[in-house]
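So the structure is just underneath, and the comments pick up after that.
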Amino acid sequence: MTTKTNKQDPYQALRYREFNVFLILRFAMVFAWSMQFIVIEWEVYSLTKDPLSLGLIGLMEVIPAVGMALFAGHMVDQREKKGLLVKCILGFSVISFGLFLLTWPKIVHGWSTNAILYSIYFLVFIGGLVRAFLGPTIFSLLSLIVPKKVYPNAATWSSSVWQIGSVLGPAIAGFSINYIGVHWSMCSVFACSLFALIALSQISKKPILNPKIGEPIMESLKEGLKFVFTNKTILGVLSLDMVAVLFGGAVALLPVFAQDILKVGPEGFGVLRAAPAVGAFITMLVSAYVPLYKKAGLKLLGAIFVFGLSIILFGVSTIFWISVVALFLSGLADGISVVIRQTILQLKTPDHMRGRVAAVNSMFVGSSNELGAFESGLTAKLMTPVISVVFGGSMTLLTVLGFGLKSPTFRNLDLRKDMEDHQNME
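Pasting the structure below:
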């Protein structure tokens, strides 16, 4: 029996120059996007003092992101990836500059609250359109930069860098709001998007691997959906993650907890927002040395169960450090879920369908983040923020228990054979 999977080189993917550039690019975009989202959340809640307004931010982004996802996946599979990514980053830059103008003191004091709020929602909506293309494009580009045998290791490092950006973005957003204000914080986001464009210029154009160039869009979408919905492993992991994220969207209410319950201000808000990503990042680093592909199904179910418990703990906590620990634990658990999901998608998706599968992934998991934010904001409005968070965590626990009991195939999922096959590829 081969022992390659037992002696995995944790730095295997880092030996490819373009992959390192790709990591810099991805960090810049994740950092900018997460920082921008935090700044928007803080500004909107400061203007309205209404938790539902936070939920509407997520709703405004998810509507176009989901509505355009399948079309975006088709386009990604049909087009050259670098060119599409340039357009996505340029679109994000325009949005960031627009938000920079909307937070300009003269506009804040000269416009009505509703005018500013609706303008922010409009730009968030446009951002959802950009995100529909950005995720599938990055996912597809990764597979063209490294050989197949390096996919699992590359996916781990890519997810790790995503988490680093998710850690630093919220943390720095909290400090920058406190020290330089919302306006100049948005200027920093705009600068990061320009840096991402510079990094992208160092990656060469890649070939289009789809053998069905020019295929009618409906046939293309039908093929992509059929692949996902007939692959029980991919469908199972996407469904489980979707429900967990949908009901575990406590982070959407962090401005409420920071300002009204824990009373810790923008710096404490930044720490709270960064805590889950710190936990997830630690998981990513450990997984580079201790792979999670053995008994992946049980590990995924266990991780999401712990995630639900930690969300409940956060909801009932009135002590800042306990809240930080709870969010940190939720990040540790979520990191396991991300690594396993990304590994499954990279191992089991054909090259010519990566855009469409990534689009479906964004519909399941990515959209559930924003729908979860809306669900949290709505239930917080109807009940209380605490009840909203505890309810979400409880629903996550029930989902995991039901899924684990009714799906023995998924419970027994093991990726060792898939890993060995990819390690043996030249």
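Going by UniProt numbering, the first residue of the sequence shown is number 1, and it counts up by one from there.
Glycine included, C-beta positions come from ideal geometry on N, C-alpha and C.
Note that the structure is a prediction, hence the values are computed from the model and not measured.
Chain-order list of residues whose beta-carbon lies under 7 Å from that of residue i (same chain, five-residue window excluded)
{"i": "PHE229", "result": "LEU235"}
{"i": "VAL324", "result": "VAL271, LEU272, ALA275"}
{"i": "ILE162", "result": "According to the sequence provided, residue 162 is Trp. The question's Ile does not apply to it. Taken in chain order, the residues that qualify are ARG26, VAL30."}
{"i": "LYS87", "result": "none"}
{"i": "PHE195", "result": "ALA28"}
{"i": "GLY331", "result": "ALA275, PRO276, ALA277, VAL278, GLY279, ALA280"}
{"i": "LYS232", "result": "THR409"}
{"i": "VAL243", "result": "THR399"}
{"i": "LEU142", "result": "PHE22, ALA154, SER158"}
{"i": "GLY67", "result": "none"}
Residue of the options minimising C-alpha distance to residue i
{"i": "VAL400", "options": "PRO408, ARG356, PHE305", "result": "PHE305"}
{"i": "ILE208", "options": "GLU43, GLN36, LYS263, ILE145", "result": "ILE145"}
{"i": "THR384", "options": "LEU345, THR343, LEU253", "result": "LEU253"}
{"i": "GLY377", "options": "GLU43, GLY58, ARG354", "result": "GLY58"}
{"i": "LEU168", "options": "GLY67, MET35, VAL243", "result": "MET35"}
{"i": "LEU200", "options": "GLU223, LEU23, LYS406", "result": "LEU23"}
{"i": "SER239", "options": "GLY110, VAL286, PHE364", "result": "PHE364"}
{"i": "LEU101", "options": "ILE387, ILE40, ARG131, GLY165", "result": "ILE40"}
{"i": "PHE19", "options": "VAL339, ILE322, SER310, SER159", "result": "SER159"}
{"i": "ALA326", "options": "ALA359, VAL390, TYR289, SER193", "result": "VAL390"}
Exposure of residue i, with buried meaning 16 or more beta-carbon neighbours within 10 Å
{"i": "ILE319", "result": "exposed"}
{"i": "GLN12", "result": "buried"}
{"i": "MET218", "result": "exposed"}
{"i": "PHE314", "result": "buried"}
{"i": "ARG15", "result": "exposed"}
{"i": "PRO170", "result": "buried"}
{"i": "HIS74", "result": "buried"}
{"i": "ASN412", "result": "exposed"}
{"i": "GLY110", "result": "exposed"}
{"i": "LEU405", "result": "exposed"}
{"i": "ARG17", "result": "exposed"}
{"i": "TYR151", "result": "buried"}
{"i": "SER128", "result": "Just to set this straight, residue 128 is Gly in the shown sequence, not Ser. It counts as buried."}
Cβ neighbours of residue i in the same chain (closer than 8 Å, five flanking residues each side left out)
{"i": "TYR45", "result": "PRO51, SER53, LEU54, PRO255, VAL256, GLN259"}
{"i": "TYR121", "result": "LEU56, ILE57, MET60"}
6 Å CB neighbourhood of residue i in its chain, flanking five on each side removed
{"i": "ASP9", "result": "none"}
{"i": "GLU426", "result": "Here GLU426 scores only 47 on pLDDT, less than 50, and its place in the model is too uncertain to base an answer on."}
{"i": "PHE410", "result": "GLY236, GLY297"}
{"i": "LYS381", "result": "PRO51, LEU52"}
{"i": "ASN178", "result": "PRO266, GLU267"}
{"i": "GLY335", "result": "ALA280, THR283, MET284"}
{"i": "PHE247", "result": "GLY392, MET395, THR396"}
{"i": "LEU301", "result": "VAL400, GLY404"}
{"i": "SER310", "result": "ALA326, LEU329, SER330"}
Where the alpha helix (DSSP H) through residue i begins and ends
{"i": "VAL124", "result": "113-145"}
{"i": "ASN178", "result": "151-179"}
{"i": "TYR45", "result": "17-48"}
{"i": "SER93", "result": "81-102"}
{"i": "PHE328", "result": "320-348"}
{"i": "ASP77", "result": "69-78"}
{"i": "TYR289", "result": "265-289"}
{"i": "ASN361", "result": "354-361"}
{"i": "SER407", "result": "Neither: SER407 is in no alpha helix (DSSP H) and is coded neither H nor E."}
{"i": "PHE364", "result": "Neither: PHE364 is in no alpha helix (DSSP H) and is coded neither H nor E."}
{"i": "GLY248", "result": "Careful: GLY248 lies outside any alpha helix (DSSP H) and carries neither H nor E."}
{"i": "SER310", "result": "296-316"}
{"i": "PRO10", "result": "Neither: PRO10 is in no alpha helix (DSSP H) and is coded neither H nor E."}
{"i": "PRO216", "result": "Where PRO216 is concerned, there is no enclosing alpha helix (DSSP H), given that its DSSP letter is neither H nor E."}
### Sufficient close CB pairs (3 or more, under 8 Å) joining the segment 148-161 to the segment 106-124
Taking 8 Å as the limit for Cβ pairs, the verdict is that the segment 106-124 does not touch the segment 148-161.
### Query
For the 8 Å Cβ check, are there 3 or more pairs between the segment 68-82 and the segment 135-145?
Enough Cβ pairs lie closer than 8 Å, so yes.
### Message
Would the segment 87-103 count as touching the segment 174-194 if we require 3 or more Cβ pairs under 8 Å?
### Response
yes
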